[in-house]
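> Numbering (UniProt numbering), first residue to last: 1 to 308.
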Amino acid sequence: MKGRKILITGGTGQVARPVATALAADNDVWCIGRFGTPGVERELQEAGVTTWRWDMGDTSDRAFKGLPEDFTHVMHSAVHRGEDGDFNLTAEINAVATGRLMTHCRTAESFLYVSTGALYARQTLDHAYTEDDPVDGRADWLPAYPMGKLATEGAVRAFARVLGLPTTIARLNIAYGPGGSYGGVPMLYFRQMLAGAPIAVPLEGQNWCSPLYTDDLVAQVPALWAAASVPSTVVNWGGDEPVGVTDCIRHIEALTGVEARLVPSEVTRETYRFDPALRLRLTGPCQVDWRDGIERTLRALHPQHLGL
Numbered sequence: 001m002k003g004r005k006i007l008i009t010g011g012t013g014q015v016a017r018p019v020a021t022a023l024a025a026d027n028d029v030w031c032i033g034r035f036g037t038p039g040v041e042r043e044l045q046e047a048g049v050t051t052w053r054w055d056m057g058d059t060s061d062r063a064f065k066g067l068p069e070d071f072t073h074v075m076h077s078a079v080h081r082g083e084d085g086d087f088n089l090t091a092e093i094n095a096v097a098t099g100r101l102m103t104h105c106r107t108a109e110s111f112l113y114v115s116t117g118a119l120y121a122r123q124t125l126d127h128a129y130t131e132d133d134p135v136d137g138r139a140d141w142l143p144a145y146p147m148g149k150l151a152t153e154g155a156v157r158a159f160a161r162v163l164g165l166p167t168t169i170a171r172l173n174i175a176y177g178p179g180g181s182y183g184g185v186p187m188l189y190f191r192q193m194l195a196g197a198p199i200a201v202p203l204e205g206q207n208w209c210s211p212l213y214t215d216d217l218v219a220q221v222p223a224l225w226a227a228a229s230v231p232s233t234v235v236n237w238g239g240d241e242p243v244g245v246t247d248c249i250r251h252i253e254a255l256t257g258v259e260a261r262l263v264p265s266e267v268t269r270e271t272y273r274f275d276p277a278l279r280l281r282l283t284g285p286c287q288v289d290w291r292d293g294i295e296r297t298l299r300a301l302h303p304q305h306l307g308l
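1) Among Glu46, Val218, Ile8 and Ala91, which one has its Cα closest to the Cα of Gly238?
2) Which residues in the same chain have their Cβ closer than 6 Å to the Cβ of Arg191, if we skip the five residues on either side of it in sequence?
3) According to DSSP, is Phe159 part of a helix, a strand, or is it coil?
4) Taking the straight line between their C-alpha atoms, what separation do you get for Ala254 and Leu163?
5) Applying the 10 Å Cβ sphere with the 16-neighbour rule, what's the burial state of Pro134?
6) Going straight from the alpha carbon of Pro143 to that of Gly85, what length do you get?
7) Within the chosen definition, does the region 121-130 reach the region 62-76 through at least 3 CB pairs nearer than 8 Å?
8) Output the residue ranges of the alpha helix (DSSP H) runs that lie fully inside the region 255-288 and measure 4 residues or longer, sorted by chain position.
9) Checking the sheet assignment: what are the DSSP bridge partners for Cys105?
10) Using CA coordinates, which residue listed in Ala223, Asp70, Tyr120 and Ala158 is at the minimum distance from Pro285?
11) I'd like to check one pair, Ala118 with Met75: are the Cβ atoms closer than 8 Å?
12) Which term fits Gly205, buried or exposed, when burial requires 16 or more other beta carbons within 10 angstroms of its beta carbon?
13) Is it true that the region 87-104 meets the region 15-29, where meeting means three or more beta-carbon pairs spaced less than 8 Å apart?
14) What first and last residue would you give for the alpha helix (DSSP H) that runs through Pro186?
15) Quick one, which of Ile199, Ser232, Gly3 and Arg299 has its alpha-carbon nearest Gly177's?
16) Touch check for the region 31-51 and the region 227-247: three-plus C-beta pairs under 8 Å?
17) If you reduce the DSSP assignment to three classes, tell me which class Gly10 lands in.
18) Assuming Val79 contacts Tyr113 under a Cβ cut-off of 8 Å, what Cβ separation, rounded to an integer in Å, is found between them?
19) Please report the distance separating the alpha-carbon of Arg273 from that of His104.
20) Give the straight-line distance between the Cα atoms of Ala20 and Thr72, rounded to the nearest whole angstrom.
21) Can you list, in chain order, the stretches of the alpha helix (DSSP H) that have 4 or more residues and sit fully within the region 5-74?
22) Looking at the secondary structure, which residues open and close the beta strand (DSSP E) in which Pro198 lies?
23) With burial defined as no fewer than 16 other Cβ atoms inside 10 Å of the residue's Cβ, what is the status of Arg279: buried or exposed?
24) Distance, Cα to Cα, Met193 vs Glu295?
25) Is Trp237 helix, strand or coil by DSSP?
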């Protein structure tokens, strides 16, 4: 993409930050948010990104005062995760902030909302979820989070129709890689390994996921914008390959020599394997194999532990 005016929320995170910095080379990119992570706002500015302060919980008329309205493309990745367990507040903040953002950017050519695969009703561990599978917004490891995403999807669908704003809802799987803030879920597991902390795994079998490496994630955003429609396009956003989480951890062990303490548990960080068929039609295939992606991420973020 070139010569576009792009608004991105959640620009300090694992998903939106690499998108913002990549697109800033040829576009007028704005990132809005609280920028709570020290140094990130400055780094975005040094990459050519314009930053602007926004708190999702601000419902006053001043919330968007002074922010331009002539953005051609919007990527909304910011989220109130609901870590305090307040379901009502989580729904209120996420849904209302998103509706107000869409209204402010109603003239955009395309709006991309980053949702989550965690809202699917749990089936078997290796089930390949499609966009038509039932949802329930339940996740024992962070209960309010998927419910907030589900409530916001409802708001996004409504505002897309009311405003006539072409929209894509992309239900994200595991995004990982060195381009974001912490490397993604595989690097969270590696930090637990380094600390000797237990990693909860299912009592039988293993969780499965469809991890998406930074480079592929960035490359697919323009295609997701191009797929936007009224009513909203809904697509599972993950990698091409299903990966067992235990297999992923064992691969990290082999690369680093650091042992993982896997502890069978009834409650785990549940992940979901996606059927990639629709996303493949919209974006084309990924370019980075997950094993290579894990090695690249370790080499960038933890080179001292890479035993190669």
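Every residue gets a Cβ at the ideal spot worked out from N, C-alpha and C, and that includes glycine.
Working from what's here:
1) Locating residue 238 in the sequence shown gives position 238, where the first residue counts as 1. When only C-alpha atoms are compared, the closest one is Val218.
2) On the sequence shown, position 191 is the one that residue 191 refers to. The answer is none, since no qualifying residue turns up.
3) Residue mapping note: residue 159 aligns to position 159 of the sequence shown, counting from 1. Of the three classes helix, strand and coil, the one that applies to Phe159 here is helix, per DSSP.
4) For the purposes of this step, residue 254 is taken as residue 254 along the sequence shown, with counting starting at 1. For the purposes of this step, residue 163 is taken as residue 163 along the sequence shown, with counting starting at 1. Near 52 Å, if we compare the C-alpha coordinates of Leu163 and Ala254.
5) In the sequence shown, residue 134 corresponds to position 134, counting from 1. The residue in question, Pro134, is exposed, as its Cβ has fewer than 16 Cβ neighbours within 10 Å.
6) Within the sequence shown, residue 143 is the residue found at index 143, counting from 1. Within the sequence shown, residue 85 is the residue found at index 85, counting from 1. In a straight line, the C-alpha of Pro143 is about 7 Å away from that of Gly85.
7) With the rule of 3 Cβ pairs closer than 8 Å, the region 121-130 does not count as touching the region 62-76.
8) 277-283
9) On the sequence shown, residue 105 is found 105 positions in, with the first residue counted as 1. Bridge partners of Cys105: none, in fact.
10) Within the sequence shown, numbered from 1, the residue matching residue 285 stands at position 285. For Pro285, the nearest C-alpha among the options comes from Ala223.
11) For the purposes of this step, residue 75 is taken as residue 75 along the sequence shown, with counting starting at 1. For the purposes of this step, residue 118 is taken as residue 118 along the sequence shown, with counting starting at 1. No Cβ-Cβ contact shorter than 8 Å links Met75 with Ala118.
12) For this step, residue 205 is matched to residue 205 along the sequence shown. Exposed, by the Cβ-count rule.
13) no
14) Translated into the one-based positions of the sequence shown, residue 186 becomes position 186. Its alpha helix (DSSP H) spans residues Val185 to Ala195.
15) Walking along the sequence shown from the start, residue 177 turns up at place 177. With distances taken between Cα atoms, Gly177 lies closest to Arg299.
16) no
17) By one-based count along the sequence shown, residue 10 stands at place 10. DSSP places Gly10 in coil when its eight states are reduced to three.
18) Position 79 of the sequence shown, counted from the first residue, corresponds to residue 79. Position 113 of the sequence shown, counted from the first residue, corresponds to residue 113. With a Cβ gap of about 10 Å, Val79 and Tyr113 do not count as contacting.
19) Against the sequence shown, residue 273 aligns to sequence position 273. Against the sequence shown, residue 104 aligns to sequence position 104. Spanning the two alpha carbons is a distance of roughly 35 Å.
20) Locating residue 20 in the sequence shown gives position 20, where the first residue counts as 1. Locating residue 72 in the sequence shown gives position 72, where the first residue counts as 1. Each residue's Cα considered, the two are about 14 Å apart.
21) 16-23 and 40-46
22) What you label residue 198 is simply residue 198 of the sequence shown in a count that begins at 1. First-last of the beta strand (DSSP E) with Pro198: Pro198 to Val201.
23) Within the sequence shown, residue 279 is the residue found at index 279, counting from 1. When all chains shown are included, Arg279 counts as buried.
24) Residue 193 sits at position 193 when you count from the first residue of the sequence shown. Residue 295 sits at position 295 when you count from the first residue of the sequence shown. Between Met193 and Glu295, the C-alpha separation is close to 16 Å.
25) The residue labelled residue 237 in the question sits at position 237 within the sequence shown. Three-state result, Trp237: strand.
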